[in-house]
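Numbering (our numbering), first residue to last: 19 to 215.
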Amino acid sequence: MKVTLKVNGRLRTADVEPRKTLLDTLREDFLLTGSHAGCEHGVCGACTVLIDGEPSRACLMFAVQADGYEITTIEGLAPAPGELSVVQDAFCETHGLQCGYCTPGMILSAHALLEHNDAPTREDIVEAISGNICRCTGYGQIVEAVEFAAERLRKTNAPRNVTGGSDDEPSIDPAAEAGAREGGVLEAAATRQGGRQ
Ligand code: FES
Ligand code: FES
Numbered sequence: 019m020k021v022t023l024k025v026n027g028r029l030r031t032a033d034v035e036p037r038k039t040l041l042d043t044l045r046e047d048f049l050l051t052g053s054h055a056g057c058e059h060g061v062c063g064a065c066t067v068l069i070d071g072e073p074s075r076a077c078l079m080f081a082v083q084a085d086g087y088e089i090t091t092i093e094g095l096a097p098a099p100g101e102l103s104v105v106q107d108a109f110c111e112t113h114g115l116q117c118g119y120c121t122p123g124m125i126l127s128a129h130a131l132l133e134h135n136d137a138p139t140r141e142d143i144v145e146a147i148s149g150n151i152c153r154c155t156g157y158g159q160i161v162e163a164v165e166f167a168a169e170r171l172r173k174t175n176a177p178r179n180v181t182g183g184s185d186d187e188p189s190i191d192p193a194a195e196a197g198a199r200e201g202g203v204l205e206a207a208a209t210r211q212g213g214r215q
């Protein structure tokens, strides 16, 4: 059946089986491969996306259930092609990642926290990322990254809200994007064209 989902501020259409997960639809139909498949039963958080700004498991949701919600993937956080969001940059600077498999979900969870609270305590951060499992870093540098990002956001008052967009933005047929494996870059470019941060 046909679904039209609002992903990173843009309407996207796909023809999917009703049983197809949001995660598989994002990855296979929209080529947004930043959301990772780990356990695929709601434990690891590698598939985390933001649904109306709240971290959610894309592996536990059917694509058809996501109709009508604002979905943000890691590809939607970059302010422009080749640039990183404040949180992404903080993860790089503090070495908050190794293999990177958990990192998109971790960053989206951190981003959601900092949207509401730019002065989180260490406990707030630990709680916010508690649904995201990392097998590499031991979490110390991840917590440090979120603290560093919060500090920068407080100092710079940088714009953080990347979700949104208007309903009159063009609908995108995934077939037209077949082969666009650099989906993250396209996503960032589209975000810029849409006039959002
Ligand atoms: S892949 Fe969704 S929680 Fe692990
Ligand atoms: S960086 Fe490898 S799982 Fe987190």
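Ideal Cβ positions, reconstructed from N, Cα and C, are used throughout, including at glycine.
- Take the alpha-carbon of residue 54 and the one of residue 174: they are about 31 Å apart.
- The DSSP-derived three-state label of residue 38 is coil.
- DSSP places residue 109 in the helix class (H, G or I) of the three-state scheme.
- Fewer than three beta-carbon pairs drawn from the segment 33-48 and the segment 115-128 are found closer than 8 Å, and the two stretches are therefore not classed as touching.
- Distances from the CB of residue 58 to the heavy atoms of ligand 1 include at least one below 7 Å.
- For secondary structure counted as the alpha helix (DSSP H) over 4 or more consecutive residues, the segment 51-136 holds these complete runs in sequence order: 104-111, 121-134.
- Looking at the backbone, the Cα of residue 64 and that of residue 107 are separated by about 19 Å.
- Excluding its 5 nearest sequence neighbours in each direction, residue 135 has C-beta neighbours in its own chain below 7 Å: 142, listed in chain order.
- In this structure, residue 112 places its C-beta atom within 8 Å of the C-beta atom of residue 166.
- Here residue 67 really is in contact with residue 76; their C-beta atoms are around 5 Å apart, less than 8 Å.
- Rounded to the nearest whole angstrom, the C-alpha separation of residue 154 and residue 60 is 19 Å.
- In the DSSP assignment, residue 173 forms no beta bridge with any residue.
- One Cα belongs to residue 162, the other to residue 147, and the distance between them is close to 12 Å.
- Following the DSSP letters along the chain, one finds residue 33 inside the beta strand (DSSP E) bounded by residues 28-33.
- The three-state reading of DSSP puts residue 43 in helix, counting H, G and I together.
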